[in-house]
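Report on the following structure.
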Amino acid sequence: MKQGFRQSMAWLHTWAGLVTGWVMFAVFVTGTATYYKTDISLWMRPELRAEAEYDVVRAAELGVAHLKVHAPKAMAWFIGMPQADNPLIGAYWMDTPDGEIGKALLDPATGAPTVARATKGGDFFYRFHYELQMPPAVGRWIVGLCAMTLLIALISGIVTHRRIFADFFTFRRSKSAQRGWLDAHNVTGVLALPFHLMITYTGIVSLSLMYMPWGMVSVYKGDELRFYAESGQMTTWRAAEGKPAEPAPLGPLIRRAQAEVSEPLEMVSINNPGDANATVVAVFEEPHGLAHRHPQIAFNAVTGEIVERTGPLKPAAHAYTSFVGLHEAHFAGPALRILFFLSGLMGCIAIASGLVLWTVARAPKGMVRPAFGWRLVHALNIGTILGLPVGMASFFLANRLIPVDLAARDSWEGAIFFGSWLAAALIPLARPHRQAWREMAYAAALLFLAVPLVGWATTGWRTDFLGFDAAMAALALVFVLGARKVGRYEGPRREAARATGDLARA
Amino acid sequence: MTDTIKPSAGPSRGRYRVMVAARTLLAIFGGYGLAAIATAFLSLTLPLDRSEAVASATLASFAIMAGAVIWVFSARSLGRAAIGLALPALCLGAGLWLALGSAGQPA
Chain A
10 MKQGFRQSMA WLHTWAGLVT GWVMFAVFVT GTATYYKTDI SLWMRPELRA EAEYDVVRAA
70 ELGVAHLKVH APKAMAWFIG MPQADNPLIG AYWMDTPDGE IGKALLDPAT GAPTVARATK
130 GGDFFYRFHY ELQMPPAVGR WIVGLCAMTL LIALISGIVT HRRIFADFFT FRRSKSAQRG
190 WLDAHNVTGV LALPFHLMIT YTGIVSLSLM YMPWGMVSVY KGDELRFYAE SGQMTTWRAA
250 EGKPAEPAPL GPLIRRAQAE VSEPLEMVSI NNPGDANATV VAVFEEPHGL AHRHPQIAFN
310 AVTGEIVERT GPLKPAAHAY TSFVGLHEAH FAGPALRILF FLSGLMGCIA IASGLVLWTV
370 ARAPKGMVRP AFGWRLVHAL NIGTILGLPV GMASFFLANR LIPVDLAARD SWEGAIFFGS
430 WLAAALIPLA RPHRQAWREM AYAAALLFLA VPLVGWATTG WRTDFLGFDA AMAALALVFV
490 LGARKVGRYE GPRREAARAT GDLARA
Chain B
10 MTDTIKPSAG PSRGRYRVMV AARTLLAIFG GYGLAAIATA FLSLTLPLDR SEAVASATLA
70 SFAIMAGAVI WVFSARSLGR AAIGLALPAL CLGAGLWLAL GSAGQPA
């Protein structure tokens, strides 16, 4: 018996989509939130007020002063400049090439560790987006495997979809439950298809040299940092000499670098600090354009002479960095950012509706007790699609409700995120299916509505949080509407379900 | 006899599961292996600056892997799927062996 190409692709779409759906839903949700990472971080550190401009030379000197005391033996220091949307000096250090990066956030006025509450802020979702808050090597491989599977699901989905253009305009809301879910899946999947393909492929490319290092390894053979220097992405690493030397003052170096580059200074890194062969690298923001490329100027830290500048990117390196840039969308202004955000939301809905569609298409008829596999998928669906939002809203609430001076409070925020997610995934197991969806959707709505209210009650009303508050209220509204919709749903209409196409059940 | 990936088509549920597992493993490891060999081969042989060759080959590698996976799941039988991966992998592997041998010597 022969099977057509389209049937095998329909099969592949169904199963590749199912096994990868839960992880990719979480990746899409947290990635979509990350488009507003800085706004989330600002809201989560209400003690801070952003200023319009900062003295970058002073910020760099304050960072160096802190690192001299707290990380004197580091092989490299990195000092992130305070900016209007991130009003702190970031002082980072690295002791070994593969070791963990140390981090301190400093007040740009005093250089002392910030008084703002300890929180991971928007970085929590950002790191979750590609590491799932696991050990980096494990999390990144899991996300990579799932992203690759999603790419396969997208390609096989396009093949399966024989009437892609007609279904673009088709949304049969009232015909049958399964038809409605299928159309919701198609509309959100097809409408934002260029985005889905782009974001999945560019996401894999963002970590490609970890997933697929074999080109770089076979060409550079153990000297892989050279790749980044030769392709114009960063300046060369200059080895330490082993003799100490007094560095030249930082201020004049930074001003000379600023005179050459029109973009704002983003970071100053000092390689082999205190060594006779130490290097100061001034790293600037991305110039206008798609590429994720930061111009760099390297100085000899002792003599103060310029030793290297990153040149223009060659075509393939430009394509490569543009892939990464497209994924991160740093180039996007407010309007384009909203478009990326909405496309990301459509990705979330496409994945969620696909997962639900799997269970709707296989819903047990009549009084038959559903099989274990069906119950597992159903439980994972509700536990992910509603559990994750419950966890996120609880995370925001924890930010305002955990005492500011509690030890390890940023870890407690994370613990509450995972704890409430777990609770939201377990409670529905004890409830009938439809009630479970409705109750958990109302719970999510209530929690999201509570976020701005608790925010006002604890840290006061602020106009610069208006966008964040409005987004929380909008999410609450979405979950209320969803809960009401589930409440009105009349149960499976068997006739219609049987008549629907092969896609959902293939 | 061909082994299709349709539960109703196979003689038994167990056989269907084994076939799905075999294709999945072939898709993941075979697809990755083919992509890895192709990336290394192209990085060494594309007529570009070496950093450009690495960037181009690495960018293309995931499309190669995606194509390989689609092939594994659309091929009529597991054997055909495996041969379809093994042949290009062998050719590219031989090319890679030659390229690695000549790397470092004057062109």
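Quick note, the sequences are listed as chains A and B, same order.
For reference, each letter of the first sequence is one residue, going 10 to 515 in my numbering.
For reference, each letter of the second sequence is one residue, going 10 to 116 in my numbering.
C-beta: ideal position from N, C-alpha, C; glycine also.
Quiz item: Can at least three beta-carbon pairs, one atom from the stretch 145-164 of chain A and one from the stretch 22-40 of chain A, be found at a separation below 8 angstroms?
Solution: Touching, per the Cβ criterion.
key: Interface flag, L107(B) vs chain A, CB-CB below 8 angstroms   = Position 98 of the second sequence, counted from the first residue, corresponds to residue 107(B). Taking Cβ atoms only, chain A never reaches closer than 8 angstroms to L107(B), which makes this a no.
Exercise. Could you run through the stretch 216-246 of chain A and flag, in chain order, every residue whose CB is less than 7 angstroms away from some CB of chain B?
Key: So the list reads S217, L218, M221, W223, G224, M225, S227, V228, F236, E239 and S240, given in the order they occur along the chain.
(request) Would you kindly work out how many angstroms separate the C-alpha atoms of K77(A) and A69(A), rounded to a whole number? (result) Within the first sequence, numbered from 1, the residue matching residue 77(A) stands at position 68. Within the first sequence, numbered from 1, the residue matching residue 69(A) stands at position 60. Going from the Cα of K77(A) to the Cα of A69(A) covers about 12 angstroms.
Chain B contacts made by the stretch 138-155 of chain A, where a contact means CB separation under 7 angstroms: Per Cβ criterion, the list is empty.
- Query: What does a CB cutoff of less than 7 angstroms around N408(A) pick up in its chain, not counting 5 residues either side in sequence?
  - Reply: Mapped onto the first sequence, residue 408(A) falls at position 399. Here N408(A) has M53, T128 and E422 as same chain residues with Cβ atoms under 7 angstroms from its own Cβ, once five neighbours each way along the sequence are excluded.
From the beta carbon of V27(B), is the nearest beta carbon of chain A less than 8 angstroms away?
Taking the first residue of the second sequence as position 1, residue 27(B) is located at position 18. Interface criterion not met: the Cβ of V27(B) is under 8 angstroms from no Cβ in chain A.
Exposure of I46(B), with buried meaning 16 or more beta-carbon neighbours within 10 Å = As a position in the second sequence, residue 46(B) is number 37, starting the count at 1. Counting Cβ neighbours within 10 Å, I46(B) comes out buried, since at least 16 surround it.
Kindly indicate which residue of S227(A), V214(A) and I98(A) has the alpha-carbon position closest to the one of S331(A). Looking up residue 331(A) in the first sequence gives position 322. Selected option, being the one with the closest Cα: V214(A).
Would you mind reading off the limits of the beta strand (DSSP E) that contains M276(A)? If you number the first sequence from 1, residue 276(A) lands on position 267. L274 to N280 is the extent of the beta strand (DSSP E) around M276(A).
- Between the stretch 95-106 of chain B and chain A, which residues of the former have a C-beta closer than 7 angstroms to a C-beta of the latter? So the list is empty, because no residue satisfies the distance condition.
Q) CB-CB under 6 angstroms to G375(A), same chain, minus the five flanking residues each way: which ones, in chain order? A) The residue you call residue 375(A) lines up with position 366 of the first sequence. The answer is none, since no qualifying residue turns up.
Output needed in chain order: residues of the stretch 313-342 of chain A with a Cβ under 8 angstroms from some Cβ in chain B. For the stretch 313-342 of chain A, which is checked against every Cβ of chain B, the residues closer than 8 angstroms are K323, P324, A325, A326, A328, Y329 and F332.
* To do: Would you please verify whether the beta carbon of F14(A) is less than 8 angstroms from any beta carbon of chain B?
  => If you number the first sequence from 1, residue 14(A) lands on position 5. Using beta-carbon distances, F14(A) counts as an interface residue toward chain B, with a partner under 8 angstroms.
Note to self: Taking its Cβ as the centre, do 16 or more other Cβ atoms sit within 10 Å of A72(B), making it buried, or is it exposed?
What the structure shows: To locate residue 72(B), count along the second sequence from 1; it is residue 63. Residue environment: A72(B) is assigned as exposed (fewer than 16 neighbouring CB atoms within 10 Å of its CB, all protein chains considered).
In the DSSP assignment, the alpha helix (DSSP H) including K112(A) goes from what residue to what residue?
Working through the first sequence from its first residue, we reach residue 112(A) at position 103. From DSSP, K112(A) is part of no alpha helix (DSSP H) but of the beta strand (DSSP E) over I110 to L115.
| task | Closer than 8 angstroms, Cβ to Cβ, to anything on chain A: give me those residues from the stretch 44-55 of chain B, in chain order. | result | Those would be A44, A45, I46, T48, A49, L51, S52 and L53, in chain order.
Q.
Please tell me whether S17(A) and S83(B) are closer than 8 angstroms, where the distance is taken between their beta carbons.
A. In the first sequence, residue 17(A) corresponds to position 8, counting from 1. In the second sequence, residue 83(B) corresponds to position 74, counting from 1. Result yes, Cβ atoms of S17(A) and S83(B) sit closer than 8 angstroms.
Within 8 angstroms of any Cβ in chain B, is that where the Cβ of V214(A) sits? Mapped onto the first sequence, residue 214(A) falls at position 205. So, interface residue.
Considering only C-alpha positions, which residue in the set A402(A), A61(A) and S50(A) is nearest to P273(A)?
Reading the first sequence from its first residue, position 264 is the one you call residue 273(A). Nearest option by C-alpha distance: A61(A).
(message) So, does the stretch 44-53 of chain A touch the stretch 189-196 of chain A, judging by three or more C-beta pairs under 8 angstroms?
(response) Contact between the stretch 44-53 of chain A and the stretch 189-196 of chain A is absent: fewer than 3 CB-CB pairs across the two stretches fall below 8 angstroms.
Original post:
Taking only beta-carbon atoms, is F71(B) less than 8 angstroms away from chain D?
Top reply: Among the chains of the structure shown, chain D does not appear; the protein chains present are A and B.
_Using CA atoms only, rank isn't needed, just tell me which of L348(A), M103(A), G400(A) and R58(A) is closest to W86(A)._
In the first sequence, residue 86(A) corresponds to position 77, counting from 1. Per the Cα distances, M103(A).
message = Distance cutoff 8 angstroms, beta carbons only. Does Y210(A) sit that close to anything in chain B?
response = Along the first sequence, read from residue 1 onward, the residue named residue 210(A) stands at position 201. At least one beta carbon of chain B lies nearer than 8 angstroms to the beta carbon of Y210(A).
Please classify D12(B): is it buried, with 16 or more other beta-carbons within 10 angstroms of its beta-carbon, or exposed? Working through the second sequence from its first residue, we reach residue 12(B) at position 3. Residue confidence is low: D12(B) scores 45 on pLDDT, short of 50, so the model does not pin down where it sits. No coordinate-derived value is stated.
Counting pairs of Cβ atoms below 8 angstroms between the stretch 85-104 of chain B and the stretch 235-255 of chain A, do you hit three or more?
Verdict: no, contact absent.
Limits of the unbroken alpha helix (DSSP H) element including W86(A): Here residue 86(A) refers to the residue found at position 77 when the first sequence is read from its first residue. Not the alpha helix (DSSP H): W86(A) falls in the beta strand (DSSP E), residues A85 to G89.
task = Look at the alpha carbon of S240(A) and the alpha carbon of V316(A), and state the distance between them as a whole number of angstroms.
result = If you number the first sequence from 1, residue 240(A) lands on position 231. If you number the first sequence from 1, residue 316(A) lands on position 307. Between S240(A) and V316(A), the C-alpha separation is close to 17 angstroms.
Original post:
Helix, strand or coil for R247(A) per DSSP?
Top reply: Position 238 of the first sequence, counting from 1, holds the residue named residue 247(A). Coil, per DSSP.
For the stretch 80-92 of chain B, list every residue whose C-beta sits within 9 angstroms of some C-beta in chain A, in sequence order. Along the stretch 80-92 of chain B, going in chain order, the ones with a CB nearer than 9 angstroms to a CB of chain A are F82, S83, A84 and R85.
Does the beta carbon of L160(A) come closer than 8 angstroms to any beta carbon on chain B? The residue given as residue 160(A) occupies position 151 in the first sequence. Closer than 8 angstroms to some Cβ of chain B, the Cβ of L160(A) qualifies, so yes.
- [ ] Measure from the C-beta of G510(A) to each C-beta in chain B and report whether the shortest distance is under 8 angstroms.
- [x] Taking the first sequence and counting its residues from 1, one reaches residue 510(A) at position 501. Residue placement at G510(A) is flagged as unreliable, the pLDDT there being 44, under the threshold of 50; the coordinate-derived value follows with that caveat. No - not a single Cβ of chain B is within 8 angstroms of the one on G510(A).
field: Secondary structure of V199(A), DSSP reduced to three states
entry: Here residue 199(A) refers to the residue found at position 190 of the first sequence. Here DSSP, grouped into helix, strand and coil, assigns V199(A) to helix.
Whole-angstrom C-beta distance between I391(A) and P441(A), which should lie under 8 angstroms: Looking up residue 441(A) in the first sequence gives position 432. Looking up residue 391(A) in the first sequence gives position 382. So it is not a contact: roughly 12 angstroms between Cβ atoms.
Distance cutoff 8 angstroms, beta carbons only. Does W68(B) sit that close to anything in chain A?
The residue labelled residue 68(B) in the question sits at position 59 within the second sequence. Residue identity differs from the one stated: residue 68(B) is Leu in this sequence, not Trp. By this cut-off, L68(B) is an interface position.
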